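Residue numbers for the sequence shown, in the working numbering: -8 to 186.
Cβ atoms here follow ideal geometry from the backbone N, Cα and C, with glycine treated the same way.
Predicted model, so just to flag it, every value in this text is computed and none were measured.
Written out below as structure tokens is the structure these notes cover.
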Amino acid sequence: MKNVSTRLLMACAALGVAGGMLFTAHAWVGALTVNTIPFLYGLTMGIYFLPGTLAQVLFRRPGVALLTTGLAGLVASPFQLIGFQALLISLAVGVAQELPFVVSGYRYWKRWVFWVAGLAYGLLVTGAAFGILRGGELSALGATLVVISFFISPPIFTAVALWLADALAKAGVARGLRRSEARPLPTDPTESTGK
């Protein structure tokens, strides 16, 4: 995150604090539903991908997902039943969100990349949840509901992040902070340095 402006840091911090509040609410509601209505809990798991995806769509800059999600985890950790493990989980989510864009050197921010990433996160979350909730011990219907709910949750929250980012961009929140959707890769090594 070279040349990060104070304004960008403050914008990510605001998104992180809002995300931390959502994480905290989700943790307390989740504690009540995870053992009683696990598919409902699954439908809301994608909320952990919301702040980072929102920051990425809004600003299109390297590291904003990790920064925003990490701040959200830091804000939420003191209020979580699992304590500061929540921060580690948030940082892991932030790293996962950065990976699809690291591949392109943070030069390619097309919408379909976010959708594919959301589906990949859905697979990741589903696998983890199936193991944690002992999906093999559930009835066929229960296991199916768990798999579907956990799988569709990250794409649902990707859609929410895309919608919110568009609304915030129209309101001018990203003015001066947002990079273009696609920056061409330099063909000549001297082009990137300006020499």
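| task | Ignore the nearest five residues each way along the sequence and tell me which others in GLY85's own chain have a CB closer than 6 Å to its CB. | result | For the purposes of this step, residue 85 is taken as residue 94 along the sequence shown, with counting starting at 1. Same-chain partners within the cutoff: GLY43, ALA56, LEU57, THR60, GLY61.
| query | Counting pairs of Cβ atoms below 8 Å between the segment 123 to 143 and the segment 68 to 85, do you hit three or more? | reply | Contact between the segment 123 to 143 and the segment 68 to 85 is absent, because fewer than three Cβ pairs lie under 8 Å.
| message | Is it buried or exposed, LEU23, if we count other Cβ atoms within 10 angstroms and call 16 or more buried? | response | The residue given as residue 23 occupies position 32 in the sequence shown. Exposed is the call here.
| said: Using only the alpha-carbon positions, how far apart do GLY96 and GLU89 sit? | reply: To locate residue 96, count along the sequence shown from 1; it is residue 105. To locate residue 89, count along the sequence shown from 1; it is residue 98. Roughly 10 Å separates the two Cα atoms.
| said: Looking only at its chain, what residues have a beta carbon closer than 6 Å to the beta carbon of CYS3, apart from the 5 residues adjacent to it on each side? | reply: Residue 3 sits at position 12 when you count from the first residue of the sequence shown. Excluding residues within five positions, the ones whose Cβ falls inside 6 Å are ALA46, VAL55, LEU58, THR59.
| request: In the DSSP assignment, find the unbroken alpha helix (DSSP H) run with GLY113 in it and report its ends. | output: The sequence position of residue 113 within the sequence shown is 122, counting from 1. Its alpha helix (DSSP H) spans residues 102 to 123.
| said: Within a Cβ cutoff of 6 Å, which residues of the same chain sit near VAL107, ignoring the five residues on either side of it in sequence? | reply: The residue given as residue 107 occupies position 116 in the sequence shown. Taken in chain order, the list of residues that qualify is empty.
| query | Looking only at C-alpha atoms, which of GLY10, THR117, ALA63, GLY167 sits nearest to TYR193? | reply | Past the boundaries of the shown model lies residue 193; the chain is included only from -8 to 186, so the question cannot be answered.
| said: Rounding to the nearest angstrom, what Cα-Cα distance links ARG98 and LEU132 in this structure? | reply: Within the sequence shown, the letter at position 107 stands for residue 98. Within the sequence shown, the letter at position 141 stands for residue 132. Spanning the two alpha carbons is a distance of roughly 43 Å.
| What three-state label does DSSP hand ILE73 in the structure shown? | Reading the sequence shown from its first residue, position 82 is the one you call residue 73. Note: ILE73 maps to coil in three-state DSSP.
| query | Is the Cβ-Cβ distance between GLN76 and THR15 less than 8 Å? | reply | Taking the sequence shown and counting its residues from 1, one reaches residue 76 at position 85. Taking the sequence shown and counting its residues from 1, one reaches residue 15 at position 24. Against a cut-off of 8 Å, the Cβ pair of THR15 and GLN76 comes out as no contact.
| said: Helix, strand or coil, according to DSSP, for GLY21 in the structure here? | reply: Translated into the one-based positions of the sequence shown, residue 21 becomes position 30. Secondary structure at GLY21: helix, using DSSP grouped into helix, strand and coil.
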